[in-house]
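Residue numbers (this note's numbering), protein chains in the order written: chain B, 749 to 1303; chain Z, -16 to 294.
A short write-up of the structure that comes next.
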């Protein structure tokens, strides 16, 4: 029996050891030029005119190329399919000159007509493009066609002058107009492929399967196993193929940030985009940390329902905003994984002067609450702060609840709801105070434009005629960038004075990156450009250092 | 026996129809829809999307259209994954979940059966207490705790096994199968112990012992067949339960199985996917229950006589 037991043990242990032998994904990837990329959830689609989420965007950016691209280090724009572009005198028309070398992954040339057809498809109401209002409406007549007010797609302000010249007419002149042409949502799609597999506006078409797929990006679709991986390989026809270092990318869908972090630590991933907050201090303490942090264009806030008393009173809203000690919250509740921030346009916005009229000031808060008729919190009605179920939101809500009690002596209940139930509550305005976040681009309009009285993210009831006028009229009549920045600052001040929402913190980019991986810096737009990504063939996978290793390294 | 199987199959039809109907209306009554997001959807876009998925039609006609599709074996298009059908998603996830369930069941039966039989042979001794205490621990410990613990030990600390994946790296199927099988092994241990104890006190066992058979032969030749009967009847529903309930393990280990699709479908209000997987899994549960009844009848002469007499 003892001998039998020993045999079993020996077989088991040797089997397990055999399993662990060999190089991990990172080392093999380094050698073969394959990037292993932790990509959140299973991509819903790669069709640029249907997709909405960021895992889809990360994947589609490898497969499609829009007119222009961005440098991931500087966020400056640089050529994509268009090798150059020019504005007319009043900056209301842009002419893009396409690179004659640009090719689809089947060898066909990418033409100006491809863009015209693609954008008409993207804006066709039937396809149900959910981001068109954010990314397309600066183009003339895009909104009218998308909302079915005009039927003629040729009325959209995009025109092919010849095979390689594309003219785009804008609704209004905007110094930030070029940024939108870098979005993958505006990438072209291959007409013949789509038409071969169904109607152009058919969401169910199988043209996005690897066997059918044709794209124009640096990579093309190789293999797609649902919930397992999506593999892309080099597009041999890509015009700038000599500057693409990677041979391929393996996108792994991993919903759980805890699992993703473990996979990173065991050398299965080159990068994990969303490490859990609880792990950040440990990673910071590593002597050679793979953690990359930086500002990120996203803001976390509490919306206030201006239709529900006493939140219809501006003094009450402002008092609640002034009584939140964001620095303490960021430091002790969120381990400095965020930036304490009291204005709506997030920290790190280039060339923008921020307004900080809602900084922590408990004295002023108490005064305002008394002026509103609730001295010392007396008689303040019961309010509920809602959040969607998640540990992080709960911690923040509890902390804010305590701060309101401590500084204003008011009682606010907290309640959580499952995400879809929560969104439904917000749409019905069935809340008093509710948490929300908004992530956008590196120009203030991507935040402030959405808060006009009819804006899609404005569920607070905020409607200010002057604010709407600045956004919808003054800014459109002001082509100068500096003057625009000042108008945005004025609009933001109006917005914060009315306080329809309480900014809590600005997001930070935090990702884990193997030392062998170069070209994926933290940048405010969280922009990826795979052309810049290089893997060091000989580098080993990063190893977690124990405190003893760290001491040794320090000595 | 055939009549028994036939009548059970007929009984299953209204059960499954009731499942379809209840699920169909329940998912539509749940607050929030498949197209909701942080940014409110423009009404015109929402209308276009609803038209593509027949959501613009009255509920009754959606229901009958769905039944019509179902009759032809079509579960419809997924809301969450444009361009993919629910049939395709189930076909992608099922083999993985079934494989995981099979390994888990194998581990559970081997470990649980052995522990239960050993415990029953010397009741109220250390040989009984130790495996039964472990079994109680196994029942009490949820998979969402056991899984990460195993990963920490074997994946991160000892670096013997991969921390996640399915069929990507050698050995990555061991930890998930073990995690899923552990709780079941505990149940099986308790069931087989109870079954064996009952059988071992029967007269025919005493007869076997009296005629001088060695103890191991008494156990293997006479006691096991009757003693493991409760386990056999448990296995059918248990396997169906593994298929339907493996989503926690699938999420911990990033396994591309049906359970993950199912849970995500519920979170995303992917109506057709929720319906498709519910209908599919409930059909499986009905079939496995039937199979375990047939198997139990085959093993147990008393039941066999009962079914036989009605045949």
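No residue lacks a Cβ here, since even glycine has one placed at the ideal position from N, Cα and C.
In this text, all values refer to a predicted model and were calculated from it rather than measured experimentally.
Less than 7 Å separates the beta-carbon of residue 163 of chain Z from that of residue 232 of chain Z. Among the residues facing chain B, residue 194 of chain Z is not included, as its CB has no counterpart in that chain under 7 Å away. In this structure, residue 787 of chain B sits away from residue 772 of chain B, with a CB-CB distance that is not shorter than 7 Å.
Residue 956 of chain B belongs to the set of residues whose beta carbon lies under 7 Å from a beta carbon in chain Z. The beta-carbon separation of residue 100 of chain Z and residue 12 of chain Z, rounded to 49 Å, does not stay under the 8 Å limit for a contact. In the structure shown, the three-state DSSP call for residue 1223 of chain B is helix. Judged by DSSP in its simplified three-state form, residue 964 of chain B adopts coil rather than helix or strand. When Cβ-Cβ separations below 7 Å define contact, residue 64 of chain Z makes contact with chain B. Nearest in C-alpha terms to residue 274 of chain Z, of all of Z:152, Z:225 and Z:220, is Z:220. Excluding residues up to 5 positions away in sequence, 1106, 1107, 1108, 1109, 1110, 1112, 1113 and 1116 lie with their Cβ nearer than 8 Å to the Cβ of residue 1070 of chain B in the same chain.
Secondary structure in the segment 9 to 89 of chain Z: the alpha helix (DSSP H) runs of 4 residues or longer, each lying completely within the stretch, are 26 to 35 and 42 to 54 in chain order. Residue B:950 holds the alpha-carbon nearest to the alpha-carbon of residue 64 of chain Z among B:950, B:849 and B:828.
Nearest to residue 1124 of chain B by alpha-carbon distance, out of B:863, B:889, B:1180 and B:1152, is B:1152. Taking 3 residues as the shortest admissible run, the segment 800 to 873 of chain B contains the following complete beta strand (DSSP E) segments, listed from N- to C-terminal end: 816 to 818, 825 to 827, 830 to 835 and 841 to 846. For residue 11 of chain Z, there are no C-beta contacts with chain B under 9 Å, since the nearest C-beta of that chain is about 12 Å from it. Taking 9 Å as the cut-off between beta carbons, the residues of the segment 999 to 1018 of chain B near chain Z are 1000, 1001, 1002, 1003, 1004, 1006, 1007, 1008, 1010, 1011, 1013, 1014 and 1016, in sequence order.
Across the segment 73 to 104 of chain Z, CB contacts with chain B closer than 9 Å involve 75, 76 and 79, in sequence order along the chain. For residue 23 of chain Z, the C-beta contacts it makes with chain B under 8 Å involve 1175, 1204, 1205 and 1207, in order along the chain. Contact between the segment 889 to 903 of chain B and the segment 1240 to 1248 of chain B is not established, with fewer than three Cβ pairs separated by less than 8 Å.
Not a single CB atom of chain Z sits nearer than 7 Å to the CB of residue 962 of chain B. Under the three-pair Cβ rule at 8 Å, the segment 1010 to 1022 of chain B counts as touching the segment 142 to 156 of chain Z. Judged by DSSP in its simplified three-state form, residue 1164 of chain B adopts strand.
With a threshold of 7 Å between beta carbons, residue 15 of chain Z makes contact with chain B. Rounded to whole angstroms, the gap between the alpha carbons of residue 980 of chain B and residue 165 of chain Z is 38 Å. DSSP places residue 911 of chain B outside both helix and strand once states are collapsed to three, so it counts as coil. Residue 883 of chain B: member of the alpha helix (DSSP H) spanning 880 to 883, first to last residue. DSSP places residue 1038 of chain B outside both helix and strand once states are collapsed to three, so it counts as coil. Residue 881 of chain B belongs to the set of residues whose beta carbon lies under 7 Å from a beta carbon in chain Z. The alpha-carbon separation between residue 147 of chain Z and residue 155 of chain Z amounts to approximately 6 Å. For residue 1140 of chain B, no beta strand (DSSP E) segment is defined; the enclosing uninterrupted segment is the alpha helix (DSSP H) at 1139 to 1156.
Cβ contact annotation for residue 993 of chain B (same chain, cutoff 6 Å, sequence separation greater than five): 1282, in chain order.
Residue-level contact by beta carbon holds for residue 19 of chain Z and chain B, with a gap shorter than 7 Å. The residues 269, in chain order, have a CB closer than 6 Å to that of residue -5 of chain Z in the same chain once the five nearest residues on each side in sequence are set aside.
For residue 1136 of chain B, DSSP records a beta bridge to B:1165. Around the beta carbon of residue 1008 of chain B, a 10 Å sphere encloses 16 or more other beta carbons of the protein chains shown; the residue is thus reported as buried.
Scanning the segment 977 to 1055 of chain B from its first residue to its last, the whole beta strand (DSSP E) runs of 3-plus residues come out as 977 to 982, 996 to 1000 and 1039 to 1052.
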